[in-house]
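Counted the way the numbering used here counts, the sequence shown spans residues 506 to 824.
Just so you know, even glycine gets a beta-carbon here, dropped at the ideal spot from N, CA and C.
Report on the following structure.
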Amino acid sequence: MRRNKGVDWRPLVILGAPRSGTNMLRDLLVTHSDAATWPCDEINFIWRHYNVRHPSDEFSGGLATPRVRAYVRRAFAKLARQAGRPIVVEKTCANCLRVDFVRKILPEARFVVLLRDGRDAAASAAQRWQARFEPRYVMKKARYVPWSDLAYQAARYCGRRLHRRFSGTQRVSAWGPVFSGMVERLASDSLAEVCAWQWRRCVEQTEIGLAGASPETVFHLSYEDFVARPAEKLAQVLQFGGMATRERDVVSRVAAVSSRSVGKWRADLDSDDAERVEAIVADCKAAGRIAQRVVEQERLARNLAQPAQEPSQKNRYAA
Numbered sequence: 506m507r508r509n510k511g512v513d514w515r516p517l518v519i520l521g522a523p524r525s526g527t528n529m530l531r532d533l534l535v536t537h538s539d540a541a542t543w544p545c546d547e548i549n550f551i552w553r554h555y556n557v558r559h560p561s562d563e564f565s566g567g568l569a570t571p572r573v574r575a576y577v578r579r580a581f582a583k584l585a586r587q588a589g590r591p592i593v594v595e596k597t598c599a600n601c602l603r604v605d606f607v608r609k610i611l612p613e614a615r616f617v618v619l620l621r622d623g624r625d626a627a628a629s630a631a632q633r634w635q636a637r638f639e640p641r642y643v644m645k646k647a648r649y650v651p652w653s654d655l656a657y658q659a660a661r662y663c664g665r666r667l668h669r670r671f672s673g674t675q676r677v678s679a680w681g682p683v684f685s686g687m688v689e690r691l692a693s694d695s696l697a698e699v700c701a702w703q704w705r706r707c708v709e710q711t712e713i714g715l716a717g718a719s720p721e722t723v724f725h726l727s728y729e730d731f732v733a734r735p736a737e738k739l740a741q742v743l744q745f746g747g748m749a750t751r752e753r754d755v756v757s758r759v760a761a762v763s764s765r766s767v768g769k770w771r772a773d774l775d776s777d778d779a780e781r782v783e784a785i786v787a788d789c790k791a792a793g794r795i796a797q798r799v800v801e802q803e804r805l806a807r808n809l810a811q812p813a814q815e816p817s818q819k820n821r822y823a824a
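Set out below in structure tokens:
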């Protein structure tokens, strides 16, 4: 835990591709009296300050210069101080593409890796690319644009929205984490395919970025497991984040969690897109390895939860 002007705080960073349930998890975590977050869904403007003109969201660790590190850490410390809560929860999806950068800025951070079926994530993301303008949503995020970046970010945002209006594609020019090569993908692939590549790149870069992290600082979570057993899974994440809670409080917090979106890609994607998206998702080896870590973590949790058994009389003295 780090101290800044008398306030102790520690970061809990959620890493997940767009439409993987990161908002849901963040919102549930900050119902705890020890946790706080920003009153908007993401703070990419803060993370990109001093690198605002970088062409993608893929930042190397070398871009985490001393002034970048100081700026982001001040933002975390300010939130903790204003909220009076020691745990700062953050879930900007683009951080999947720059995990080493984030770790250099927040070396004490704990990470929750949230993995969702890439077919569902891609189908849901495609709808967000085509969503209408939401003024209140935009203004909530705009509060956190650094003044020196305001003109550039405003022009960038307007350009994306104008593309939706005048390009004939009925979508913005970019939405969510901008991965290297996304512009070229948009020129050659369908929107659903681009969203699948976006999901895949986020998953792959998350695994790469956490390769050197201590196992005790990373919690792997499946979206499908979470919505199937929300009380159990939320309790595990709270424990991982150092937030004590009572079982009845957890149960009440997850009352609105639903599994109705699982498998929705079958209805949302046409047959051609479904086939192409499945091929992109199926070839993502990183997702398979993360899914295996989820299984191993689950097995360990169950073993720890079982009371130790006395050896049987027959085997008590076996050597």
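Just to confirm, are residue i and residue j a CB contact at a threshold of 8 angstroms?
i, j, result
"L739", "L517", "no"
"L568", "L726", "no"
"P870", "V759", "The chain is shown only over 506 to 824; residue 870 falls outside these bounds and no answer can be derived."
"V688", "W634", "no"
"H554", "D654", "yes"
"V592", "M748", "For the sequence presented, residue 592 should be read as Ile rather than Val. Against a cut-off of 8 angstroms, the Cβ pair of M748 and I592 comes out as a contact."
"R781", "S685", "no"
"Q703", "G681", "yes"
"Y649", "W543", "yes"
"V800", "G623", "no"
"A656", "R524", "no"
"F550", "Q675", "no"
"Y662", "G526", "no"
"A627", "A697", "yes"
"L530", "V604", "no"
"C707", "A580", "no"
"E613", "R515", "yes"
Helix, strand or coil: how does DSSP classify residue i here?
i, result
"L833", "Because the chain in this structure spans residues 506 to 824, residue 833 falls outside the shown range and cannot be described."
"V786", "helix"
"L715", "coil"
"P816", "For P816, the predicted structure reports a pLDDT of 49, less than 50, and the residue's modelled location is therefore unreliable. A value from the coordinates is still provided. Coil at P816, not helix or strand."
"V618", "strand"
"I795", "helix"
"F638", "coil"
"W514", "strand"
"E595", "strand"
"L568", "helix"
Between the C-alpha atoms of residue i and residue j, what's the straight-line distance to the nearest angstrom?
i, j, result
"V762", "V535", "15 angstroms"
"S561", "R751", "42 angstroms"
"L691", "S538", "43 angstroms"
"N528", "D546", "7 angstroms"
"A660", "L809", "53 angstroms"
"D730", "Q710", "22 angstroms"
"L743", "N600", "21 angstroms"
"R585", "E595", "One detail in the question is off: residue 585 reads as Ala in this sequence, not Arg. Computed Cα separation, rounded: 12 angstroms."
"R572", "A806", "40 angstroms"
"G566", "F724", "22 angstroms"
"R578", "A772", "43 angstroms"
"V756", "R670", "44 angstroms"
"C700", "R753", "38 angstroms"
"V767", "A733", "10 angstroms"
Please confirm whether any heavy atom of the ligand NAP lies closer than 7 angstroms to the CB of residue i.
i, result
"V708", "The ligand NAP is not part of this structure, which contains no ligands at all."
Our contact map puts residue i next to residue j with C-beta atoms below 8 angstroms; I'd like the distance itself, whole angstroms only.
i, j, result
"T722", "F616", "6 angstroms"
"W770", "A784", "In fact, because the Cβ distance is near 13 angstroms, the residues do not count as touching under 8 angstroms."
Could you confirm whether any beta carbon from chain C is found closer than 8 angstroms to the beta carbon of residue i?
i, result
"F731", "Considering every chain present, this structure includes no chain C. It has just one protein chain."
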